[in-house]
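Peer 1: Take the sequence shown: its letter number 30 is residue 41 in this note's numbering, and every next letter is one higher.
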Amino acid sequence: MKKGTLLVSGKKTYQIVGLNGRDLVLVETSGNYDQVLIYGPEELWSLIEENRFELVLKGKKKSGGKK
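1) How far does the beta strand (DSSP E) with glutamate 65 in it extend, from its first residue to its last?
2) By the 10 Å Cβ neighbour count, where 16 or more other Cβ atoms means buried, how is leucine 68 classified, buried or exposed?
3) Quick one: using the 10 Å Cβ neighbour count with 16 as the cut-off for buried, is glycine 30 buried or exposed?
4) With burial defined as no fewer than 16 other Cβ atoms inside 10 Å of the residue's Cβ, what is the status of isoleucine 49: buried or exposed?
5) DSSP has aspartate 34 in a bridge; who is on the other side?
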């Protein structure tokens with residue numbers, strides 16, 4: 012995944028805004044930038060496969076996914 016990728020969890024949409032070392036930094040797109048989520052790439056893929064996040068591809072949600 013790269014900067015700008017969108018993910019949905021429940022009613023919240025998050026965007027990957029950068030890296031912290033190898034970890035991905037996500038912020039909620041509602042404009043509340045006070046808090047961020049930081050996940051390792053493998054951890055985030057696991058959450059997608061568990062359907063805790065949905066990957067948004069070109070305006071469509073994709074559950075699960077491959078690395």
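Built from N, CA and C at the ideal position, the CB exists for glycine as well.
Peer 2: According to the structure shown:
1) Where glutamate 65 is concerned, the enclosing beta strand (DSSP E) stretches over 65-68.
2) Leucine 68 sits exposed, since fewer than 16 C-beta atoms from the chains shown fall within 10 Å of its C-beta.
3) Note on identity: in this sequence residue 30 is leucine, with glycine being the wrong assignment. Counting Cβ neighbours within 10 Å, leucine 30 comes out exposed, since fewer than 16 surround it.
4) Under a 10 Å Cβ-count criterion, isoleucine 49 is classified as exposed, with fewer than 16 other Cβ atoms of the shown protein chains found around its own Cβ.
5) Its beta-bridge partners are Asn31.
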